[in-house]
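Q: Pasting in a structure now, in structure tokens, and then I'll have a few things to ask.
There are 2 protein chains.
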Amino acid sequence: MGRWEPNARERLAEAALGLYGERGYEQTTVAEIAKRAGLTERTFFRHYADKREVLFAGSRDLQELFVRAVADAPENAAPIDALALGLHAVCAVFADRRPFARARHAVITANAELRERELIKLASLSAALADTLRLRGVAEPAASLAAEAGVSVFKVGFERWIAAAEDRDLAQLVREALTELRAVAAGS
Amino acid sequence: MGRWEPNARERLAEAALGLYGERGYEQTTVAEIAKRAGLTERTFFRHYADKREVLFAGSRDLQELFVRAVADAPENAAPIDALALGLHAVCAVFADRRPFARARHAVITANAELRERELIKLASLSAALADTLRLRGVAEPAASLAAEAGVSVFKVGFERWIAAAEDRDLAQLVREALTELRAVAAGS
DNA sequence: GGGTCGATGACAGTCACTGACATCGAGAGT
DNA sequence: ACTCTCGATGTCAGTGACTGTCATCGACCC
Chain A
1 MGRWEPNARE RLAEAALGLY GERGYEQTTV AEIAKRAGLT ERTFFRHYAD KREVLFAGSR
61 DLQELFVRAV ADAPENAAPI DALALGLHAV CAVFADRRPF ARARHAVITA NAELRERELI
121 KLASLSAALA DTLRLRGVAE PAASLAAEAG VSVFKVGFER WIAAAEDRDL AQLVREALTE
181 LRAVAAGS
Chain B
1 MGRWEPNARE RLAEAALGLY GERGYEQTTV AEIAKRAGLT ERTFFRHYAD KREVLFAGSR
61 DLQELFVRAV ADAPENAAPI DALALGLHAV CAVFADRRPF ARARHAVITA NAELRERELI
121 KLASLSAALA DTLRLRGVAE PAASLAAEAG VSVFKVGFER WIAAAEDRDL AQLVREALTE
181 LRAVAAGS
């Protein structure tokens, strides 16, 4: 492994989230993050492409999980139902990480650069979901619109979960958001 | 006015778009932009907050135009119809600037940082539209969903306009995208 | 002709990020 | 045990985005 302690990558991510939360993103230097992790600034940039990316390391896995669940949905499932299966899979990952999700969300919403990065991650997720739906035979622009709707549903449910009382279940809040979307689409 | 020639801000924007198109965004330094505009690097940052913002100077005016058109829609107009009026107003602005829009769009899509910035501008637009709809009495989450849908419609129409033949009309392509959205929402 | 004020220039400084090269540590092979 | 290899880390110099500060210029006012 590395030259000293193991899990350098994880230590850097923890140090970064901690410092961003304590002092704010802009007031934290990469050198400080590396120091708290017992590493050097140069090593930080070997693990993360830039100062923002350290907060989004898990987004690739999450996207793959979401996409796979949609791809593995029953062939005859409607687009919105396939997306619901993906949403369920993603919710399961977050279930026991609420404190982490809360801290991370607070840091991101407090800084414009980090919000930018989150938006492009969500756009990437949306594009991947649209691709997957197209492979299931969904035509454009229905595939893209359904994918964006699915992402919006997750955003709404996730934010309510972050703000909600301890005992609320993310999966349930996301299901409720999905129900609201169905109502809006069916209504007016 | 300024120390030398007038319109320093516009000259900087022109120089930036030109250099970004010729060499690419990353290969262009702010010092080069300033030099082409006959100014210094420091003055660039007095006019634009950062190297990306020079491509998004007009987005604030565009957002205000869009929002005002929606706010001024007849009281009894449905959310989607109010948004259609806003879309129409925005299209009019672009009508005679197709070469500029094309060049700008090519530069932005070629660079991840610039795509990030565009996404946050669109998110800001969506939030402002949602606020406006709420003032018109539209409840959540219908207001946010309608606003995001309106922005998606513009994106689709705009991209087809950029890629289309010279004689296609932006307003018409946006109307077509809106029609497709209505069909998808009403369908499945 | 002098004074005021906003816009610009000049300059030093911080920090994100990169390339090049040296070095360490662990495991493989002997 | 000894050496070799190789990936991960350290070190250092450098570029460029961005900022704070102060001097200076040019237009307008009186």
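These protein sequences, in sequence, are chains A and B.
Counting in UniProt numbering, the first sequence runs from 1 upward without gaps.
Counting in UniProt numbering, the second sequence runs from 1 upward without gaps.
Don't be surprised by glycine CBs; every beta carbon is placed ideally from N, CA and C.
1. Taking Cβ-Cβ distances shorter than 7 Å, what residues in chain A pair up with residue 156 of chain B?
2. Does DSSP put residue 51 of chain A in a helix, a strand or coil?
3. Can you find a C-beta in chain A that's less than 9 Å from the C-beta of residue 134 of chain B?
4. Could you tell me how far apart the beta carbons of residue 130 of chain B and residue 144 of chain B are, in whole angstroms, since I believe they sit closer than 8 Å?
5. How would you write the range of the alpha helix (DSSP H) that residue 102 of chain B sits in, first residue to last?
6. What is the DSSP secondary structure of residue 27 of chain A, counted as helix, strand or coil?
7. Look at the alpha carbon of residue 157 of chain A and the alpha carbon of residue 33 of chain B, and state the distance between them as a whole number of angstroms.
8. At a cut of 8 Å, does the segment 156 to 173 of chain A reach the segment 89 to 107 of chain A through at least three beta carbon pairs?
9. Is the CB-CB distance between residue 85 of chain A and residue 101 of chain A below 9 Å?
10. Could you give the first and the last residue of the continuous alpha helix (DSSP H) run that contains residue 117 of chain B?
11. Take the Cβ of residue 150 of chain B as the centre, count every other Cβ of all protein chains shown within 10 Å, and call the residue buried at 16 or more, exposed below.
12. So which residues of chain A does residue 116 of chain B contact, with C-beta pairs closer than 8 Å?
13. Determine, using beta carbons only, whether residue 180 of chain B and residue 79 of chain A come nearer to each other than 9 Å.
14. Compare the C-alpha of residue 108 of chain B against each of B:11, B:24, B:45 and name the closest.
15. Using the Cα positions of residue 53 of chain B and residue 117 of chain B, report the straight-line distance between them to the nearest angstrom.
16. Within this structure, are the beta carbons of residue 90 of chain B and residue 55 of chain B separated by less than 9 Å?
17. Looking at the C-beta of residue 73 of chain A, does it have a partner C-beta in chain B at a distance below 9 Å?
18. For chain B, is any of its Cβ atoms less than 9 Å away from the one on residue 59 of chain A?
19. Can you tell me the Cα-Cα spacing of residue 47 of chain B and residue 113 of chain B, whole angstroms?
20. Is it buried or exposed, residue 126 of chain B, if we count other Cβ atoms within 10 angstroms and call 16 or more buried?
21. Could you check the C-alpha separation between residue 121 of chain B and residue 45 of chain B for me, to the nearest Å?
22. Does any residue of chain B have a CB that is nearer than 9 Å to the CB of residue 164 of chain A?
23. In this structure, does DSSP put residue 190 of chain A in helix, strand or coil?
24. Among A:28, A:72, A:10, whose alpha-carbon lies nearest the alpha-carbon of residue 88 of chain A?
25. Ignore the nearest five residues each way along the sequence and tell me which others in residue 106 of chain A's own chain have a CB closer than 8 Å to its CB.
26. Using beta-carbon positions only, say whether residue 123 of chain A and residue 65 of chain B come within less than 9 Å of one another.
27. Are there 16 or more other CB atoms within 10 angstroms of the CB of residue 8 of chain A, so buried, or fewer, so exposed?
28. Can a CB atom of chain A be found closer than 9 Å to the CB of residue 84 of chain B?
29. The ligand MG and residue 54 of chain A: does any heavy atom of the ligand fall closer than 8 Å to the residue's C-beta?
A: Taking the coordinates as given:
1. Taking a Cβ-Cβ threshold of 7 Å, the residues of chain A close to residue 156 of chain B are 141, in chain order.
2. Annotated three-state conformation of residue 51 of chain A is coil, per DSSP.
3. Closer than 9 Å to the CB of residue 134 of chain B there is not a single CB belonging to chain A.
4. At roughly 5 Å, the Cβ-Cβ gap stays under 8 Å, so residue 130 of chain B and residue 144 of chain B are in contact.
5. 98 to 109 is the span of the alpha helix (DSSP H), which, as asked, contains residue 102 of chain B.
6. Assignment of residue 27 of chain A by DSSP, reduced to helix, strand and coil, places it in the coil class.
7. Near 44 Å, if we compare the C-alpha coordinates of residue 33 of chain B and residue 157 of chain A.
8. Touching, yes, given that three or more Cβ pairs across the two stretches are closer than 8 Å.
9. No, Cβ-Cβ distance for residue 85 of chain A and residue 101 of chain A is not below 9 Å.
10. Counting along the chain, the alpha helix (DSSP H) containing residue 117 of chain B begins and ends at 112 to 135.
11. Classification for residue 150 of chain B: buried.
12. In chain order: 116, 117, 119, 120.
13. Contact: no.
14. Between residue 108 of chain B and the set B:11, B:24, B:45, the nearest pair of CA atoms involves B:24.
15. Rounded to the nearest angstrom, the gap between the Cα atoms of residue 53 of chain B and residue 117 of chain B is 8 Å.
16. No.
17. Residue contact with chain B for residue 73 of chain A: absent (no Cβ-Cβ distance below 9 Å to any residue of chain B).
18. Contacts with chain B at 9 Å (Cβ-Cβ) do not include residue 59 of chain A.
19. Straight-line Cα distance between these residues: approximately 20 Å.
20. It counts as buried.
21. Computed Cα separation, rounded: 19 Å.
22. Not one chain B Cβ lies under 9 Å of residue 164 of chain A.
23. With chain A running from 1 to 188 in the structure shown, residue 190 of chain A is simply not present.
24. Selection A:28, A:72, A:10 evaluated against residue 88 of chain A yields A:72 as nearest (Cα-Cα).
25. 21.
26. Not in contact: residue 123 of chain A and residue 65 of chain B (Cβ atoms no closer than 9 Å).
27. Here residue 8 of chain A is buried, its C-beta having at least 16 other C-beta atoms within 10 Å.
28. No - not a single Cβ of chain A is within 9 Å of the one on residue 84 of chain B.
29. The ligand MG is absent from the structure shown, which contains no ligands of any kind.
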